[in-house]
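The structure under discussion appears below in the form of structure tokens.
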Amino acid sequence: MPSRKKPSVRTRVLAGGAALAVVGAGVVGTVAAGAADSTAATPATPAAPVAARGSELTRSTHLTLDAATKAARAAVEAAEKDGRQVSVAVVDRSGNPLVTLRGDGAGPQSYDSAERKAFTAVSWNAPTSELARRLAQAPNLKDIPGTLFLAGGTPVTAEGAPVAGIGVAGAPSGDLDERYAQAGAAVLGR
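This is the structure we're talking about:
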């Protein structure tokens, strides 16, 4: 049987150091886990809701989805009666799309243009044809993101405040687009 060689002092020191490191890591891990458990066992007290006073609040009016759909359909139908293919968008008071309809045969650019006209009309609470005329005095208006200063958008108001915008695009002229947008808005007052 071959004789075993005794490990060198260096090997024994390294092996002992490694063993000590493993034991130390186990102790530290156990202590850390115990600390985490004690923290988790103490639930945080949830903050009570804070009630705002009436003087700190405003009320807003929004167009319903049914009303927006009715307005969009009326605008598309008005255009179809004239043999026009358009897209119609109705946005809420914040400019977020509620309904967008792309009429049969409407051009691909009309969808985005209708949304931008609606956004512009509700943002300024004015028909986009009027806003397009204002560009002569303030040409930088057209640089505002999401806007389109071409005729075809009309605001919808309640008690004088804008609650929605209707935009139409795709007819041969902005005047026609705006006429169809106004036809959509008109059904809301009935």
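In mature numbering (1 follows the signal peptide of the UniProt record, and there is no 0), the protein residues as written are -35 to -1, 1 to 155.
Every residue, glycine too, gets a C-beta built ideally from N, C-alpha and C.
Handout entry: Beta bridge counterpart(s) of P120 as assigned by DSSP
Key = According to DSSP, P120 bridges with G130.
Handout entry: One or two residues paired with R67 in a DSSP bridge
Key = BP columns for R67 point to S52.
Exercise for the section: Spell out a yes or no on whether the segment 38 to 50 and the segment 8 to 27 are touching, meaning 3 or more CB-CB pairs, one atom from each, closer than 8 angstroms. Expected result: no
Problem - G139: first and last residue of the uninterrupted alpha helix (DSSP H) it sits in - result: 139 to 151
Practice task
Leaving out five residues on either side along the sequence, give the residues of the same chain with a beta carbon under 7 angstroms from the beta carbon of F84.
Solution key: V56, G60, G111, T112, G130
Exercise for the section: Sort G135, A17, A79, P62 by Cα distance to L28 and report the nearest one. Expected result: P62
Handout entry: 6 angstroms Cβ shell around residue 210 - same chain, five flanking residues per side excluded
Key = Residue 210 is absent from the structure shown; the chain starts at -35 and stops at 155.
Exercise for the section: In the DSSP assignment, find the unbroken alpha helix (DSSP H) run with K107 in it and report its ends. Expected result: Looking at the DSSP string, K107 is not in any alpha helix (DSSP H), and its letter there is neither H nor E.
Problem - For Q147 and E116, the rounded distance between their alpha carbons - result: According to the sequence provided, residue 116 is Ala. The question's Glu does not apply to it. Taking the straight line joining both Cα atoms gives about 11 angstroms.
Handout entry: Contact check, residue 158 vs A97, beta carbons under 7 angstroms
Key = In the structure displayed, the chain extends from -35 to 155; residue 158 sits before or after that span and is not available.
Exercise for the section: For V(-13), count neighbouring Cβ atoms within 10 angstroms of its own Cβ and tell me buried if that reaches 16, exposed if not. Expected result: Caution is warranted here: a pLDDT of 49 is assigned to V(-13), below 50, making its placement in the model unreliable, and the coordinate value is therefore given only provisionally. Per the 10 Å Cβ criterion, exposed.
Problem - Spatial distance of G125 from R58 (CA atoms) - result: 13 angstroms
Exercise for the section: Measure the CB-CB distance between G118 and T93 and report whether it falls below 7 angstroms. Expected result: Going by C-beta atoms, G118 is nearer than 7 angstroms to T93.
Handout entry: Inter-residue Cα distance where the pair is P31 and V64
Key = As written in the sequence, residue 31 is Asp, which differs from the Pro given in the question. Computed Cα separation, rounded: 10 angstroms.
Handout entry: Top-ranked residue by Cα proximity to T26, from A123, P137, V15
Key = With distances taken between Cα atoms, T26 lies closest to A123.
Exercise for the section: For W89, collect the residues of the same chain with a Cβ closer than 6 angstroms to its Cβ; drop the 5 residues on either side in sequence, then sort them by chain order. Expected result: L96
Practice task
Can you give me the Cβ contacts of V(-9) inside the same chain, cut-off strictly under 6 angstroms, excluding the 5 residues immediately before and after it?
Solution key: Confidence in V(-9) is poor, its pLDDT being 48 and thus under 50, which makes the residue's placement unreliable; the coordinate value appears in the next sentence. Around V(-9): no qualifying Cβ.
Handout entry: Contact set for K107: own chain, Cβ-Cβ below 7 angstroms, skip 5 residues either direction
Key = Result list for K107: L100, F114, in chain order.
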